[in-house]
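Chemist: Quick one: the structure is below, questions incoming.
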Amino acid sequence: MKINFLRIFFVSIVFFIIVVFFFSLTQSSKYDTSKMVGKKISNFEIEEFYNNKLISEMELKKSNYNLINFWSSWCGPCRDEHEVLLKLKEINKLKIIGVNFKDKKPNAINFLEELGNPYNLILVDANGKKSIDFGIYGVPESILIDKNLTIVKKFVGPLKPRDYVEILEILNK
Amino acid sequence: MKFFYILIIFITSTLAHGSQNENLENNIYKNLRCLVCQGQSISESNSDFALTIKSVVKDQIQSGKSENEIYNFLSDKYGDWILYRPKINKINFLLWIVPYAALIFGAILIYSIVKKRNN
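Chains as they are written, first to last, in the working numbering: chain A, 32 to 204; chain B, 35 to 153.
What follows is the structure, given as C-alpha cells:
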C-alpha cells in the first residue's frame, strides 16, 4: 500500500514537471503585445507639436477610430511605413495622430516636408516618458484605438501594406 | 549653535531619505524586464528603453507612489511580462501554490514514514 502510494506520488511529480516544461518551452520568450488588446488608454496629457497646447484623451473621443503612430525623423523604418500612413490618411473614418518621439523639431519638420504629412494631429514626446503611458517601447509603433479608448490592435515595427488591409477590415466591421 | 544642530539634522535626514529612495529605485529596476534586451533587467541595461523606464520610475517615486503602485502602472501598460515577479492571477496560481503544497505534503510524508519506522 505504501509502495503504491509512493509510486503514485512520484509519477504525479514527474507528470507535473513534464506539463510545466511543455507549457513553458512552447511559450514564446519574446514580448507579445497581443495581450494589450482590449485594454484602455487613460490619463494622459501630451503636448501638441506646433503650438505646445496640452492634448488629453478627450481629443481621441472625437473620432470613431484613431491610429496613434509613434515616429521619429532619425528612425529608418519610419520612412518605410510612411507610404502606408499616407494611404491610411485617405480613409475618412480614421484619424491619424502622430507622436514625434525623442526627436529634434527642425528635423521632424524636414521629415514631413520631404515625405508628406499623413497626420491629422501631431503630438510631441521629447524625452520618451509620455510614450510609456501608451505602452510603447520603440519606434515605429502604432496603436489602433476606438472611440472608447480601447486598444483594438497594436502594430510593432513599420506598418506594412497588409496592415493597411487589416485596418480597413476592422473599420468596415 | 542651535542653528548648527538643525542644519546637521536637516542634512542627515535629507541624505537618509535620498539613499532610501535610491534603494527602492534599485529594487524596482531589478524586478523589471528590459523588453528590448536579451535576458537583461532594467537595472542591468543601458538601452534607450531601460533609461526611459528608469526615469519614469524615479519620477513616480518622487511623486510618492509605492513600489506596488509602480508595478501595477507598468504591468497595466506592458502586461505582466515586464515583471520578473508577476502578481498571482488565475493562470499562474498553480505555479505559486504547488511548490508550497509539495513542501508541506513532503514534510507530512517524511514525518509519517519516520514515525511508522520508529513504531
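Built from N, CA and C at the ideal position, the CB exists for glycine as well.
Chain A beta carbons: is any one of them nearer than 8 angstroms to that of B:Tyr105?
Modeler: By one-based count along the second sequence, residue 105 of chain B stands at place 71. So no, B:Tyr105 is outside the interface.
Chemist: Interface residues of chain A around B:Phe83 at Cβ under 8 angstroms?
Modeler: Position 49 of the second sequence, counted from the start, is the residue given in the question as residue 83 of chain B. Neighbours of B:Phe83 on chain A, chain order: Tyr168 and Gly169.
Chemist: Go to A:Lys185, then tell me how far its alpha helix (DSSP H) extends in each direction, as first and last residue.
Modeler: Here residue 185 of chain A refers to the residue found at position 154 of the first sequence. Per DSSP, A:Lys185 belongs to no alpha helix (DSSP H); it is in the beta strand (DSSP E), Ile182 to Val187.
Chemist: Just curious, the beta strand (DSSP E) that A:Tyr96 is in, first and last residue?
Modeler: Mapped onto the first sequence, residue 96 of chain A falls at position 65. Tyr96 to Trp102 is the span of the beta strand (DSSP E), which, as asked, contains A:Tyr96.
Chemist: Under 9 angstroms, CB to CB, which of the residues in the region 146-164 of chain A have a partner in chain B?
Modeler: Listed by position along the chain: Asn158, Gly159, Lys160, Ser162, Ile163 and Asp164.
Chemist: If you count every other CB in all the chains shown that lies within 10 Å of the CB of B:Trp130, and 16 or more means buried, which is it?
Modeler: Your numbering for residue 130 of chain B matches position 96 in the second sequence. Flag for B:Trp130 reads exposed.
Chemist: Comparing the C-beta of B:Ser89 with each C-beta of chain A, is any distance below 8 angstroms?
Modeler: The residue labelled residue 89 of chain B in the question sits at position 55 within the second sequence. Taking CB atoms only, B:Ser89 has a neighbour in chain A less than 8 angstroms away.
Chemist: For the candidate residues A:Pro171, A:Leu116, A:Val130 and A:Ala157, whose alpha-carbon lies nearest to that of A:Leu146?
Modeler: The residue you call residue 146 of chain A lines up with position 115 of the first sequence. Its Cα nearest to that of A:Leu146, the residue A:Leu116 stands out among A:Pro171, A:Leu116, A:Val130 and A:Ala157.
Chemist: Assuming B:Val132 is part of the beta strand (DSSP E), what are its boundary residues?
Modeler: Position 98 of the second sequence, counting from 1, holds the residue named residue 132 of chain B. No beta strand (DSSP E) holds B:Val132; the alpha helix (DSSP H) holding it covers Phe127 to Asn152.
Chemist: For A:Leu175, which residues in the same chain have their Cβ closer than 7 angstroms to its Cβ, ignoring the five residues on either side in sequence?
Modeler: Residue 175 of chain A sits at position 144 when you count from the first residue of the first sequence. Closer than 7 angstroms at Cβ, skipping near neighbours: Tyr96, Leu98, Val183, Lys184, Ile198 and Ile201.
Chemist: Taking A:Lys66 as the query, report the chain B residues whose CB atoms sit under 7 angstroms from its CB, ordered along the chain.
Modeler: Within the first sequence, the letter at position 35 stands for residue 66 of chain A. Neighbourhood of A:Lys66 in chain B, by CB distance below 7 angstroms: Gly113, in chain order.
Chemist: Are A:His113 and A:Pro149 closer than 8 angstroms when you measure CB to CB?
Modeler: Stepping through the first sequence from its first residue, residue 113 of chain A is reached at position 82. Stepping through the first sequence from its first residue, residue 149 of chain A is reached at position 118. Cβ atoms of A:His113 and A:Pro149: closer than 8 angstroms.
Chemist: Quick one: list the residues of chain B neighbouring A:Phe47, beta-carbon separation under 8 angstroms, in chain order.
Modeler: Here residue 47 of chain A corresponds to residue number 16 of the first sequence, with the count starting at 1. Going along chain B in sequence order, the residues near A:Phe47 (Cβ under 8 angstroms) are Val132.
Chemist: Can A:Tyr168 and B:Val70 be called in contact, C-beta distance under 8 angstroms?
Modeler: Taking the first residue of the first sequence as 1, we reach residue 168 of chain A at position 137. Taking the first residue of the second sequence as 1, we reach residue 70 of chain B at position 36. In contact: A:Tyr168 and B:Val70 (Cβ atoms closer than 8 angstroms).
Chemist: Would you mind reading off the limits of the alpha helix (DSSP H) that contains A:Gly107?
Modeler: Taking the first sequence and counting its residues from 1, one reaches residue 107 of chain A at position 76. A:Gly107 -> alpha helix (DSSP H) spans Gly107 to Leu119.
Chemist: Return the chain-ordered list of same chain residues with a C-beta closer than 8 angstroms to the C-beta of A:Val68, the five sequence neighbours on each side being excluded.
Modeler: Here residue 68 of chain A is taken as the residue at index 37 of the first sequence, counted from 1. Here the set comprises Ile182, Val183, Lys184 and Lys185.
Chemist: Taking the alpha carbon of A:Leu91 as the reference point, which residue from A:Trp105, A:Gly107, A:Ile49 and A:Ser73 has its own alpha carbon closest?
Modeler: In the first sequence, counting from the first residue as 1, residue 91 of chain A sits at position 60. Nearest option by C-alpha distance: A:Ser73.
Chemist: Give every residue of the same chain whose Cβ lies closer than 8 angstroms to the Cβ of A:Tyr81, excluding the five residues on either side of it in the sequence, and list them in chain order.
Modeler: Position 50 of the first sequence, counting from 1, holds the residue named residue 81 of chain A. Cβ within range, chain order: Ile153.
Chemist: Using the C-alpha atoms, what's the distance from A:Ile48 back to A:Leu188?
Modeler: For the purposes of this step, residue 188 of chain A is taken as the residue at position 157 of the first sequence. For the purposes of this step, residue 48 of chain A is taken as the residue at position 17 of the first sequence. In the sequence under discussion, the amino acid at residue 188 of chain A is Gly, which differs from the Leu named in the question. Rounded to whole angstroms, A:Gly188 to A:Ile48 spans 37 angstroms at the Cα level.
Chemist: Starting from A:Glu144, trace the alpha helix (DSSP H) both ways and give me its first and last residue.
Modeler: Here residue 144 of chain A is taken as the residue at index 113 of the first sequence, counted from 1. Segment Lys136 to Leu146, the alpha helix (DSSP H) holding A:Glu144.
Chemist: Assuming B:Leu66 and B:Glu101 are in contact, meaning their beta carbons sit under 8 angstroms apart, how far apart are those beta carbons, in whole angstroms?
Modeler: As a working note, residue 66 of chain B is residue 32 in the second sequence. As a working note, residue 101 of chain B is residue 67 in the second sequence. Actually they do not touch by this definition, with Cβ atoms about 11 angstroms apart.
Chemist: So, is A:Leu190 buried or exposed, given that buried needs 16 or more other C-beta atoms within 10 angstroms?
Modeler: Position 159 of the first sequence, counting from 1, holds the residue named residue 190 of chain A. Flag for A:Leu190 reads buried.
Chemist: Residues in the same chain with beta-carbon distance under 8 angstroms from B:Lys99, minus the five sequence neighbours each way, listed in chain order, please.
Modeler: By one-based count along the second sequence, residue 99 of chain B stands at place 65. Hits under 8 angstroms: Phe107.
Chemist: Check B:Val90 in the structure and name its three-state DSSP category.
Modeler: For the purposes of this step, residue 90 of chain B is taken as residue 56 along the second sequence, with counting starting at 1. B:Val90: helix per DSSP, three-state reduction.
Chemist: If contacts are defined as beta-carbon pairs under 8 angstroms, then A:Asp156 and A:Ile77 qualify, I think. What distance do you get, rounded to the angstrom?
Modeler: As a working mapping, residue 156 of chain A is identified with position 125 in the first sequence. As a working mapping, residue 77 of chain A is identified with position 46 in the first sequence. Contact flag correct, Cβ pair sits at about 6 angstroms.
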